[in-house]
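Using the UniProt record's numbering, read the sequence shown as starting at 186 and increasing by one per residue.
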Amino acid sequence: ALPYDLAGVRVVISAGGTREPLDPVRFLGNRSSGKQGFALARAAAQRGAQVTVVAGSTAEPGDPAGVEVVRIATATELADEMTKRAAEADVVIMAAAVADFRPTSVAESKIKKGAAGPAPIELATNPDILRGLVESRTEGRIPAETVIVGFAAETGDEHGGVLDHGRAKLGRKGCDLLVVNAVGEGKAFGTEDNTGWLLSSTGSETALPLGSKTLMASRILDQVRTLVPDGRRR
Ligand code: C5P
């Protein structure tokens, strides 16, 4: 049985991939399935949390039970939702695969082939939502005790620098916990299993053995729980 140790804790989780439109029918997207974010939402709800998922594109058959699901498409929309909802949350988990870039402009009608061949796609940089949330906390726009968790999808293995990249990313992002995922070659994106490390800003590093995304979610929430002040658990 799962521990009922997140009763009343307000958890906001981003999940899935963003889609950045090029024209009315095309977008730039990614292979995120939303499985890990949904698994976290399900597990947190089962442990008594009040959960909202802000979801982009997902490959999940249905919404997790007992969870509020808000749909977004683009990184900009995700940034707006997360910024707004983080102010009312005890825990914020950025599990979404956010596009780093978006087309500078969206064509009003479908882009034609044209005789001159393809036109280059001009890109603008999206805001880093996770960093923005940490900044908001530092500047007092969201409560100081809000727990902020990030994800890092890294290719390679332990020896190929995944952990080093994770440590550096944790420092750059400034979040409390970073879930480092080993991706590529059939790992993580769209698969049932996950593996990696859980790095905390206090320096602890926990290996997450290969297992289901549900198991991974439990391990992550076990650590999150230790960071939520007692008064927040009702
Ligand atoms: O820098 P990188 O994309 O590897 O960081 C991954 C983490 O940052 C994830 O938690 C992701 O949700 C978040 N992210 C974000 N905004 C972006 C890009 C990534 O919040 N524009």
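No residue lacks a Cβ here, since even glycine has one placed at the ideal position from N, Cα and C.
Contact defined as beta carbons within less than 8 Å: I believe residue i pairs with residue j. What is the distance between those atoms, to the nearest angstrom?
i, j, result
"Thr411", "Leu393", "Not quite, the Cβ-Cβ distance comes to about 16 Å (not below 8 Å), so this is no contact."
"Val332", "Val276", "5 Å"
"Thr259", "Thr203", "6 Å"
"Gly222", "Val238", "6 Å"
"Val334", "Ile278", "4 Å"
"Leu191", "Ala224", "Contact doesn't hold; Cβ gap of about 15 Å is too wide."
"Ala284", "Leu213", "6 Å"
"Phe286", "Ala309", "7 Å"
"Ala234", "Val254", "15 Å between Cβ atoms; not a contact."
Can you give me the C-alpha to C-alpha distance between residue i and residue j, rounded to a whole angstrom?
i, j, result
"residue 126", "Ser403", "Residue numbering for the chain in the displayed model covers 186 to 419; residue 126 lies beyond these limits and cannot be assessed."
"Gly201", "Ser242", "5 Å"
"Asn366", "Arg232", "24 Å"
"Asp248", "Ala300", "45 Å"
"Arg227", "Glu324", "31 Å"
"Ala282", "Arg256", "14 Å"
"Gln408", "Leu362", "8 Å"
"Glu273", "Glu330", "12 Å"
"Leu395", "Ser294", "46 Å"
"Glu377", "Ala292", "37 Å"
"Val319", "Leu207", "30 Å"
"Ile296", "Gly302", "11 Å"
"Arg357", "Phe336", "13 Å"
"Leu400", "Leu187", "11 Å"
"Lys220", "Ser290", "31 Å"
"His350", "Trp382", "12 Å"
"Ser199", "Lys298", "36 Å"
"Thr389", "Arg216", "It should be noted that the sequence gives Ser, not Thr, for residue 389. Ser389 and Arg216: Cα-Cα distance of roughly 30 Å."
"Pro209", "Ile306", "15 Å"
Is residue i helix, strand or coil when you go by DSSP?
i, result
"Leu225", "helix"
"Arg216", "coil"
"Arg232", "coil"
"Val409", "helix"
"Leu395", "strand"
"Ala402", "helix"
Note down, one range per segment and in chain order, each alpha helix (DSSP H) of at least 4 residues found wholly within the segment 247–312. 260–271
In the segment 317–392, which residue ranges form an unbroken beta strand (DSSP E) of at least 3 residues, counting only runs that do not cross its ends? 332–340, 362–368 and 378–385
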